[in-house]
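For what it's worth, my numbering labels the leading residue of the sequence shown as 1, then goes sequentially. Note that beta-carbon positions come from the ideal geometry of N, C-alpha and C, so glycine has one too. Predicted, not measured: the structure shown is a model, and the values here were computed from it.
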Amino acid sequence: MPEKCILILLDGLGDRAYASLSYRTPLQAARTPVMDRIAAEGANGIYHPQAVGLALPSENAHFALFGYDIKDFPGRGALVALGAGVDFSAGDVGILAHFANVFEKNGILYMGDEKAPGTEFEAKALAETVADFETENVRIHFHRFQGLQGVLTLKGEVSRHITDTNDMINGIPLCEVLPWDTHKNDPAAQKTSRVLKKYLTWVYHTLKTHPVNFARTTRGLLPLNCLVTQRAGQLDKVVSFEKRFGLKGLSIASNNIFGGLARYLGMDFMMVSDSKKAGEDLAKRINSAVSLLDKYDFIHVHTKTPDEAAHRKNPVLKKEIIELLDEGLGKVIDVLFSHPEILLVLTSDHSTPSSGPLVHSGETVPVVFCGKGIRRDTVCCFDEISASQGCLSCLRGPEIMYLIINHLERSKLMGIMDTPFDQYFWPGNFKPFRLR
Ligand SMILES: [Zn+2]
Numbered sequence: 001m002p003e004k005c006i007l008i009l010l011d012g013l014g015d016r017a018y019a020s021l022s023y024r025t026p027l028q029a030a031r032t033p034v035m036d037r038i039a040a041e042g043a044n045g046i047y048h049p050q051a052v053g054l055a056l057p058s059e060n061a062h063f064a065l066f067g068y069d070i071k072d073f074p075g076r077g078a079l080v081a082l083g084a085g086v087d088f089s090a091g092d093v094g095i096l097a098h099f100a101n102v103f104e105k106n107g108i109l110y111m112g113d114e115k116a117p118g119t120e121f122e123a124k125a126l127a128e129t130v131a132d133f134e135t136e137n138v139r140i141h142f143h144r145f146q147g148l149q150g151v152l153t154l155k156g157e158v159s160r161h162i163t164d165t166n167d168m169i170n171g172i173p174l175c176e177v178l179p180w181d182t183h184k185n186d187p188a189a190q191k192t193s194r195v196l197k198k199y200l201t202w203v204y205h206t207l208k209t210h211p212v213n214f215a216r217t218t219r220g221l222l223p224l225n226c227l228v229t230q231r232a233g234q235l236d237k238v239v240s241f242e243k244r245f246g247l248k249g250l251s252i253a254s255n256n257i258f259g260g261l262a263r264y265l266g267m268d269f270m271m272v273s274d275s276k277k278a279g280e281d282l283a284k285r286i287n288s289a290v291s292l293l294d295k296y297d298f299i300h301v302h303t304k305t306p307d308e309a310a311h312r313k314n315p316v317l318k319k320e321i322i323e324l325l326d327e328g329l330g331k332v333i334d335v336l337f338s339h340p341e342i343l344l345v346l347t348s349d350h351s352t353p354s355s356g357p358l359v360h361s362g363e364t365v366p367v368v369f370c371g372k373g374i375r376r377d378t379v380c381c382f383d384e385i386s387a388s389q390g391c392l393s394c395l396r397g398p399e400i401m402y403l404i405i406n407h408l409e410r411s412k413l414m415g416i417m418d419t420p421f422d423q424y425f426w427p428g429n430f431k432p433f434r435l436r
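(1) Between which two residues does the beta strand (DSSP E) containing R396 stretch?
(2) May I have the straight-line CA-CA distance separating T218 from P211, to the nearest angstrom?
(3) Check whether the stretch 110-127 and the stretch 154-173 are in contact - that is, three or more C-beta pairs closer than 8 Å.
(4) From L21, H48 and A40, pick the residue whose C-alpha is nearest to that of I400; which is it?
(5) What ranges does the alpha helix (DSSP H) occupy inside the stretch 266-307, keeping only unbroken runs of at least 4 residues that lie completely in it?
(6) Quick one, are the C-beta atoms of H141 and T153 less than 8 Å apart?
(7) Ligand 2 and H360: does the residue's C-beta get closer than 7 Å to at least one heavy atom of that ligand?
(8) Check whether the stretch 11-27 touches the stretch 311-330, taking contact to mean three or more Cβ pairs, one atom from each stretch, closer than 8 Å.
(9) Considering only the alpha carbon of each residue, which of A253, E363 and H407 lies closest to I8?
(10) Can you tell which of G75, Q50, G67 and T419 has the C-alpha that lies nearest to the C-alpha of T437?
(11) Is any non-hydrogen atom of ligand 1 found closer than 7 Å to the C-beta of S58, if you look at the structure I gave you?
(12) Could you tell me the distance, in whole angstroms, from the CA atom of L324 to the CA atom of T32?
(13) Just mark P340 as buried or exposed, buried being the case when its beta carbon has 16 or more other beta carbons within 10 Å.
(14) Check whether the Cβ atoms of A43 and C391 lie closer than 8 Å to each other.
(15) Out of A39, G14, D36 and S89, which has the shortest C-alpha to C-alpha gap to G53?
(16) Is the beta carbon of I441 less than 8 Å from the beta carbon of A289?
(17) Could you give the uninterrupted runs of the alpha helix (DSSP H) lying entirely in the stretch 104-180, keeping only those of 4 residues or more?
(18) Leaving out the 5 sequence neighbours to the left and right, which residues in its chain are closer than 7 Å to L65 when beta-carbon positions are compared?
(19) Figure out for me which residue from V34, A125, S388 and F298 has the closest Cα to the Cα of L408.
(20) Taking a contact to mean a Cβ-Cβ separation below 8 Å, would you say G279 touches E327 in this structure?
(21) Which term fits A215, buried or exposed, when burial requires 16 or more other beta carbons within 10 angstroms of its beta carbon?
(22) Within 10 angstroms of the Cβ of R436, are there 16 or more other Cβ atoms? Answer buried if so, exposed if not.
(23) Below 8 Å between beta carbons: does that hold for V158 and V138?
(24) At 3 residues or longer, and completely inside the stretch 351-381: list those beta strand (DSSP E) runs for me, N to C.
(25) Cα separation between A39 and K295?
(26) Quick one: give me the first and last residue of the alpha helix (DSSP H) that H205 is part of.
(27) Write down the C-beta distance between T352 and D281 rounded to the nearest angstrom, noting that I regard them as a contact closer than 8 Å.
(28) Please list the terminal residues of the continuous alpha helix (DSSP H) segment that includes R216.
(29) I want to check one thing, is the minimum distance from the CB of H302 to the heavy atoms of ligand 1 below 7 Å?
(30) On the criterion of 16 or more Cβ atoms from any shown chain inside 10 Å, does P223 qualify as buried, or is it exposed?
(31) For the alpha helix (DSSP H) that I416 lies in, which residues bound it at each end?
(32) Hey, quick one: how far does the alpha helix (DSSP H) through R244 stretch, first residue to last?
(33) Determine, using beta carbons only, whether S240 and A310 come nearer to each other than 8 Å.
(34) Use the C-beta contact count for P179: other C-beta atoms within 10 angstroms, 16 or more gives buried, fewer gives exposed.
(35) Hey, V367 and T347: beta-carbon distance below 8 Å or not?
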């Protein structure tokens, strides 16, 4: 039976049916002989990390897919700060922030252009100007990453339970910074919203008259006069992936957010970079995973490329990217199938519609389990519709991890307590019975 799991995750793979693809999804329309072979040799189903219809970001979806309760998700801002390696400890708040163009009307700030472009030189100068702020014993620092993007860290008596200012739609007002309803009487949430509002107001007034923005307006460009914020987060205590599932885990991905998530859950992380060849990148990542199987029991191999293609709102481009990924899989499929100890899981985290206004959408994604001893159904195509005819039916939330533990022959019979912590695997890392 399989002893190790490689989970290949094609981010944002699920999609909708488009006339330009003869009313098929990009995955249905794509030529994918290798994914189809995996489907034909495995157990197929559809998956949603929480509840069908809910649109999830990748990090929340992965948190649930890795077997955690989505209610315990610490907030993207915290994971980004953790993944970026900035000064960020338990108790601090991390908030996603980037420079954007806003305009003032009747005392209200409106989003002018959320994605107004700027040069590296401009971004650096603006970021240096608004990097530090302190009020009411809360220290705020803006850490810029690449381009206009970054993360704010707040240190002091702070709370993550505050609203975003960025609703991602041009022409509508920014949202007020407020404590969540659930925390409206919490002094830390009240203080955090007050302090953040003071900082963002100062940023706006400071950047309005910044030389970079004078230069931009004289060239006919929109000023980058605001930091807009989203998805505050704060690290909580969490039981590690290894303690819950008994698997030493590794995540291979090209984005810091997965580094932050891996670190948070006690998994190792391998940062890789994206070239222009999505298929070759995926093949390389899978080869790395295979070569590390003696060190790890569970390896998550990730590619963001289908999601990125969908965000460009082009179903045909997404279909082409999927075909490249299939070619990449073709380079390593024989290696994967020649290792009987590998449990191969191929799936996605969420659907990303290649058309329409939604960022992500709530439809299910296909999933296939493949390896020695695993049931084979009659599904022979890997896509959202064919997969729904498979023997796994609809999996939700942590069920993927339960099934992985099950197929690695480590499922614990419920009720067994060989360790004080009720872990999912068996035998646990129990304390031996000593006579004295
Ligand atoms: Zn996305």
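Considering the structure as presented:
(1) The sequence position of residue 396 within the sequence shown is 396, counting from 1. Unbroken beta strand (DSSP E) run through R396: S393 to R396.
(2) Mapped onto the sequence shown, residue 218 falls at position 218. Mapped onto the sequence shown, residue 211 falls at position 211. Going by the C-alpha atoms only, they are around 11 Å apart.
(3) yes
(4) As a first step, residue 400 must be located in the sequence shown, where it is residue number 400. That would be H48, whose Cα lies nearest to the Cα of I400.
(5) 278-291
(6) Taking the sequence shown and counting its residues from 1, the one referred to as residue 141 is at position 141. Taking the sequence shown and counting its residues from 1, the one referred to as residue 153 is at position 153. In this structure, T153 lies closer than 8 Å to H141 by Cβ.
(7) Although ligand 2 was asked about, the structure shown includes only ligand 1 as ligands.
(8) yes
(9) Mapped onto the sequence shown, residue 8 falls at position 8. Looking at the Cα atoms, A253 is the closest of the given residues.
(10) Residue 437 falls outside the range modelled here, since the chain spans only 1 to 436, and no answer is possible.
(11) Residue 58 sits at position 58 when you count from the first residue of the sequence shown. It does: the Cβ of S58 is within 7 Å (strictly closer) of some heavy atom of ligand 1.
(12) The residue given as residue 324 occupies position 324 in the sequence shown. The residue given as residue 32 occupies position 32 in the sequence shown. Between L324 and T32, the C-alpha separation is close to 9 Å.
(13) Position 340 of the sequence shown, counted from the first residue, corresponds to residue 340. Its Cβ having fewer than 16 others within 10 Å, P340 is exposed.
(14) If you number the sequence shown from 1, residue 43 lands on position 43. If you number the sequence shown from 1, residue 391 lands on position 391. Contact flag set, yes.
(15) Numbered from 1 along the sequence shown, position 53 holds the residue referred to as residue 53. Ranking the options by Cα distance to G53, first place goes to G14.
(16) No statement about residue 441 is possible, as the shown extent of the chain runs from 1 to 436 and does not include it.
(17) 120-129
(18) As a working note, residue 65 is residue 65 in the sequence shown. Here the set comprises P49, D349 and I400.
(19) Here residue 408 refers to the residue found at position 408 when the sequence shown is read from its first residue. Here the closest residue by C-alpha is F298.
(20) As a working mapping, residue 279 is identified with position 279 in the sequence shown. As a working mapping, residue 327 is identified with position 327 in the sequence shown. Yes, these two residues count as a Cβ contact at 8 Å.
(21) To locate residue 215, count along the sequence shown from 1; it is residue 215. When all chains shown are included, A215 counts as exposed.
(22) Along the sequence shown, read from residue 1 onward, the residue named residue 436 stands at position 436. Exposed, because fewer than 16 other Cβ atoms sit within 10 Å of the Cβ of R436.
(23) The residue given as residue 158 occupies position 158 in the sequence shown. The residue given as residue 138 occupies position 138 in the sequence shown. Cβ atoms of V158 and V138: closer than 8 Å.
(24) 365-370
(25) As a first step, residue 39 is located in the sequence shown; it is residue number 39 there, counting from the start. As a first step, residue 295 is located in the sequence shown; it is residue number 295 there, counting from the start. Looking at the two C-alpha atoms, the distance is approximately 28 Å.
(26) Locating residue 205 in the sequence shown gives position 205, where the first residue counts as 1. That run of the alpha helix (DSSP H) goes P187 to K208.
(27) Here residue 352 refers to the residue found at position 352 when the sequence shown is read from its first residue. Here residue 281 refers to the residue found at position 281 when the sequence shown is read from its first residue. Not a contact, Cβ separation roughly 19 Å.
(28) Indexing the sequence shown from 1 puts residue 216 at position 216. Residues P211 to T218.
(29) In the sequence shown, the residue the question calls residue 302 occupies position 302. Outside the cutoff, so no.
(30) The sequence position of residue 223 within the sequence shown is 223, counting from 1. Buried, because 16 or more other Cβ atoms sit within 10 Å of the Cβ of P223.
(31) The residue you call residue 416 lines up with position 416 of the sequence shown. Neither: I416 is in no alpha helix (DSSP H) and is coded neither H nor E.
(32) Position 244 of the sequence shown, counting from 1, holds the residue named residue 244. Per DSSP, R244 belongs to the alpha helix (DSSP H) from F241 to F245.
(33) Position 240 of the sequence shown holds residue 240. Position 310 of the sequence shown holds residue 310. Taking 8 Å as the Cβ cut-off, S240 and A310 do not qualify as a contacting pair.
(34) If you number the sequence shown from 1, residue 179 lands on position 179. So P179 counts as buried.
(35) Mapped onto the sequence shown, residue 367 falls at position 367. Mapped onto the sequence shown, residue 347 falls at position 347. Yes, Cβ-Cβ distance for V367 and T347 is below 8 Å.
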